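*Asks:* This is the structure, below, for whatever I ask next.
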Amino acid sequence: MADTQHETSRELTDAAPGVPDYMLDPDAVLKDEATWRHGSPPDYSGTRKIWAETKRSNHAPGSLESMVENLVKNWEIEASHKMKLSDWRTIDANNYTFSINGGPKQDGEHMLKVGTYNAIITPNEWYDANYTDFEQSHKTFRDMMPNFAWEVTKVHGGPPDVSVDWRHWGVMRSDYVGWNNKGEEIRIKAHGKVLDISGTTRARVNDKMQVTSLETFFDPEEMFKQMKPDYAKAEVLVDGEKLDPHTATEMLEHPAEAGLTSLVDKVKSDQDAKFVPEQQRDGDKAITDRDDVHLHHPAAPTSSDQLLSEQRESGGGQGCPFLPGGRQ
């Protein structure tokens with residue numbers, strides 16, 4: 001297998017004399033003169049440091065794995081930070097498409113408009129792109145996880161069609177605050193642990209080693225599932241009686257089914273904190289302390305404009321899991 005990969009790497013170099021700098025240097029495009037989203041190139045030094053210290057793979061410089069990894073990292077920089085598609089050097093702008101889990105193909109202009117997170121994460125119980133925009137979505141994840149490293153773990157095939165297995169990871173430093181597919185604001189307390197996801201991407205490149213298509217396959221909910229607190233260590237009291245761990249976990253995992261209609265976020269980030277539902281039936285509100293909270297359930301706003309308006313009035317929600325800006 002190793003010999004085959006080395007042969008493929010030589011074929012890559014032979015197919016493109018003078019391999020593009022963005023396949024040899026993960027930060028090549030940061031040196032470009034371009035229209036940068038925030039006026040100047042972003043700083044990836046922190047994420048590069050995390051990558052170097054915690055990666056699991058070690059690819060030789062100039063190997064197929066290394067060059068593909070560098071290509072994708074430079075693509076992410078451009079997708080997240082260059083505001084003009086004409087400034088993207090890693091893609092063939094006239095033919096480029098991007099898709100997630102076999103879904104509709106998107107062009108570069110779509111990603112420029114909505115942002116990498118919103119182009120990649122499908123609506124779910126933790127996040128919905130319909131309630132956010134490019135800047136806000138990037139801030140949501142950047143605030144929660146300042147560094148989000150990415151690495152190639154395995155490469156299958158060679159140009160023009162390359163399939164790569166990848167890993168994407170970082171530490172949940174701050175609380176997650178976002179909007180779900182019911183229009184509810186979701187808050188999850190930071191646990192300070194690593195969020196680690198993986199997936200596969202199929203890429204096609206032209207004879208200039210520019211990407212013409214990217215097809216990515218991964219579980220967009222995996223990162224959110226890893227954010228959830230460890231309820232097995234929680235102590236839950238109802239009317240002064242301690243619930244067994246199984247019942248407590250079921251109640252906290254499925255508050256609506258348990259009759260909890262209003263949830264208040266007061267719990268400490270400590271996994272040993274107590275969760276004390278004051279549960280009342282017959283239509284009265286029930287309140288519980290827990291680490292992930294649905295603040296607007298069940299009366300969610302009926303439109304994104306109304307939702308964002310309420311969010312701004314409350315002072316909250318100020319604005320990739322695949323490749324977020326400034327995370328590589």
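Start counting the sequence shown at 1; every next residue gets the next number (UniProt numbering).
Cβ coordinates follow ideal geometry from the N, Cα and C atoms, glycine included.
Computed from a predicted structure; not experimentally measured.
For residue 329, report the span of its beta strand (DSSP E) as first-last.
*Replies:* In the structure as shown, the chain starts at 1 and stops at 328, and residue 329 therefore has no counterpart that could be examined.
*Asks:* Taking contact to mean 3 or more Cβ pairs, one atom from each stretch, closer than 8 Å, check whether the region 102–120 and the region 157–169 are in contact.
*Replies:* Cβ pair count under 8 Å is below three, so no.
*Asks:* Just checking: is the beta-carbon of G102 within a distance shorter than 8 Å of some beta-carbon in chain C?
*Replies:* Of the chains in the structure shown, none is chain C; there is only one protein chain.
*Asks:* Out of curiosity, what's the CA-to-CA distance linking L112 and F224?
*Replies:* Roughly 24 Å separates the two Cα atoms.
*Asks:* State the Cα-Cα distance for the pair A93 and M83, rounded to the nearest angstrom.
*Replies:* If you take the alpha carbons of A93 and M83, they lie about 13 Å apart.
*Asks:* Work out the CA separation of G170 and M145 for me, nearest whole Å.
*Replies:* Straight-line Cα distance between these residues: approximately 6 Å.
*Asks:* Assign R142 to buried or exposed, taking buried as 16 or more other Cβ atoms, counted over all protein chains shown, within 10 Å of its Cβ.
*Replies:* Result: buried.
*Asks:* When the Cα atoms are used, what is the spatial distance from R56 to L195?
*Replies:* Each residue's alpha carbon lies about 15 Å from the other.
*Asks:* Taking L214 as part of the beta strand (DSSP E), name the residues at either end of that continuous run.
*Replies:* Its beta strand (DSSP E) spans residues V211 to F218.
*Asks:* Under three-state DSSP, which class holds F224?
*Replies:* Three-state result, F224: helix.
*Asks:* Does E33 pass the burial test, meaning 16 or more other C-beta atoms within 10 Å, or should it be called exposed?
*Replies:* Label assigned to E33: exposed.
*Asks:* Along the chain, where does the alpha helix (DSSP H) containing F134 start, and where does it finish?
*Replies:* F134 to M144 is the span of the alpha helix (DSSP H), which, as asked, contains F134.
*Asks:* Between which two residues does the alpha helix (DSSP H) containing V72 stretch?
*Replies:* Start and end: L64 to H81.
*Asks:* Would you call the region 192–210 and the region 17–33 touching, i.e. three or more CB-CB distances under 8 Å?
*Replies:* Yes: the two stretches touch, three or more of their Cβ pairs being nearer than 8 Å.
*Asks:* Are A79 and T47 close, meaning C-beta to C-beta below 8 Å?
*Replies:* Taking 8 Å as the Cβ cut-off, A79 and T47 do not qualify as a contacting pair.
*Asks:* Report the partner residues of W36 according to the DSSP bridge assignment.
*Replies:* Answer is K82, bridged to W36.
*Asks:* Give me the residue from F218, K189, Y131 and V177 with the minimum Cα distance to I197.
*Replies:* For the residues F218, K189, Y131 and V177, the minimum Cα distance to I197 belongs to F218.
*Asks:* Can you tell me whether DSSP reads W88 as helix, strand or coil?
*Replies:* Here W88 sits in coil by DSSP.
*Asks:* Within 10 angstroms of the Cβ of D27, are there 16 or more other Cβ atoms? Answer buried if so, exposed if not.
*Replies:* D27 is buried by the Cβ-count criterion.
*Asks:* Can you name the start and end residues of the beta strand (DSSP E) that I186 belongs to?
*Replies:* Run containing I186: E185 to I188, per the beta strand (DSSP E) assignment.
*Asks:* Could you check what DSSP says for K242 in three-state terms: helix, strand or coil?
*Replies:* Three-state DSSP puts K242 in a strand.
*Asks:* Would you call G18 buried or exposed, if buried means 16 or more other Cβ atoms sit within 10 Å of its Cβ?
*Replies:* Under this definition G18 is an exposed residue.
*Asks:* Give the straight-line distance between the Cα atoms of V267 and P41, rounded to the nearest whole angstrom.
*Replies:* Note that V267 scores a pLDDT of 34, beneath 50, so its modelled location is shaky and nothing firm can be said.
*Asks:* Which word fits R173, buried or exposed, when buried means at least 16 other C-beta atoms lie within 10 angstroms of its C-beta?
*Replies:* The residue in question, R173, is exposed, as its Cβ has fewer than 16 Cβ neighbours within 10 Å.
*Asks:* G199 bridges to which residues according to DSSP?
*Replies:* For G199, which the question treats as bridged, DSSP gives the partners W166 and F218.
*Asks:* Count the other CB atoms, across all protein chains shown, that sit within 10 Å of the CB of G183; report buried if there are 16 or more and exposed otherwise.
*Replies:* G183 comes out buried.
*Asks:* Which residues bound the beta strand (DSSP E) around G178?
*Replies:* Y176 to W179 is the span of the beta strand (DSSP E), which, as asked, contains G178.
*Asks:* Using only alpha-carbon positions, find the residue among V152, E215, E250 and R202 that is nearest to E65.
*Replies:* Looking at the Cα atoms, V152 is the closest of the given residues.
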